[in-house]
Structure formats: structure tokens, C-alpha cells
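One structure is given here, and the rest of the page talks about it.
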Amino acid sequence: MAAVAAFRNLATTLDLLDQVAAARLGIARSDLRCLDILSTRGPLPAGALAEAVGLSAPALSAALRRLEKHDYVRRTHDEHDRRTVRVSLTESAATATASLFAEVRAATATLLQELSPAELTTVAKVADDLAGVIRAIATRDTQSPL
Numbered sequence: 165m166a167a168v169a170a171f172r173n174l175a176t177t178l179d180l181l182d183q184v185a186a187a188r189l190g191i192a193r194s195d196l197r198c199l200d201i202l203s204t205r206g207p208l209p210a211g212a213l214a215e216a217v218g219l220s221a222p223a224l225s226a227a228l229r230r231l232e233k234h235d236y237v238r239r240t241h242d243e244h245d246r247r248t249v250r251v252s253l254t255e256s257a258a259t260a261t262a263s264l265f266a267e268v269r270a271a272t273a274t275l276l277q278e279l280s281p282a283e284l285t286t287v288a289k290v291a292d293d294l295a296g297v298i299r300a301i302a303t304r305d306t307q308s309p310l
């Protein structure tokens, strides 16, 4: 089916973009996933970030050390619960990632402007539904032995 092939092509191309972006920022791809989650969801408790990115607590801790070294994230204690560590992006991260992805965002906006409101709704629904299915499969597969 052409649509399945198109989604696979998109996934492969996005994977390449992530690889290039991580290399330009001097970080690992899992670190880039942390930046992406934080840029879309805002500051998060470390545990919620680990779950969103699919990293164990020790792996997240290592990623955060690397990101702090580049001044891309900041860890602070939650003002309401000092046991909770919140992770947020720094201005350096926002600037670095914005410049990397500005062209992609502009091209995406141009393509989406060609669609009707109904088509945009359909595209968004399919993309969200597919992401949910893939996330469920990935989460399930990481919780059970192969």
C-alpha cells in the first residue's frame, strides 16, 4: 500500500534528520529525544521525562549529565516537593534546536497550507493514531524479553 510505504519513508527520513541534528549539537540521539520532549511538554519531573523518552533512571541521569555539560538542560528541585527533580531546557538549547529545525518547520507549514481544514484534521488524526499505536508496540516490546 502506497500510504504505508510513504509513512515508512517519512520515518526513515526523520531518523536521518535526528541523526544529523544530534551530531550537529554534539549529543547522543537519546539526548536529542530528551530535548524534543522538553521542548514540546515544558519542564518535567525526571521520572516523567525518563518514561516519555523510554530510558531507565540511570540512562536518563547519564543523558542529563551530558546535556548539562552542553548547557542544554537544567535540573532543579521542585519547589513543592524537594525530593522531585524537575528538568527544563535552557535558552542555549532553545536557540540551538530552533536554528536546526527552522527550515523543516517552514517547509512543513508550506506543505500543510495546501490542505483544506478537513484534510488537515484527517492528517493530524492519522499521524496521532499511528504514533499511539507505534508507542504502544514499542512500550510493550521494551517491557517483555525477546
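Start counting the sequence shown at 165; every next residue gets the next number (the numbering used here). Here a beta-carbon is modelled for each residue, glycine too, at the ideal position from N, C-alpha and C. In this text the structure is predicted, and so the values were computed from the model without any measurement.
Quiz prompt | 4-residue-minimum alpha helix (DSSP H) runs that sit fully inside the stretch 219-273, ordered along the chain | solution = Whole alpha helix (DSSP H) segments, 4+ residues: 221-233.
Quiz item: Can you check whether the CB of A192 is closer than 9 Å to the CB of R239?
Solution: no
Quiz item: What is the DSSP secondary structure of L196, reduced to helix, strand or coil?
Solution: Reduced to three states, the DSSP call for L196 is helix.
Self-check item: Burial state of V268 (16 or more Cβ within 10 Å)
Solution: exposed
Quiz item: Where does V237 land, buried or exposed, given buried means 16+ other C-beta within 10 angstroms?
Solution: Around the CB of V237, 16 or more other CB atoms lie within 10 Å, so the residue is classed as buried.
Quiz item: Between which two residues does the alpha helix (DSSP H) containing G211 stretch?
Solution: A210 to V217
Quiz item: Is S203 helix, strand or coil by DSSP?
Solution: helix
Quiz prompt | Residue environment, L199, which counts as buried when at least 16 other CB atoms sit within 10 Å | solution = buried
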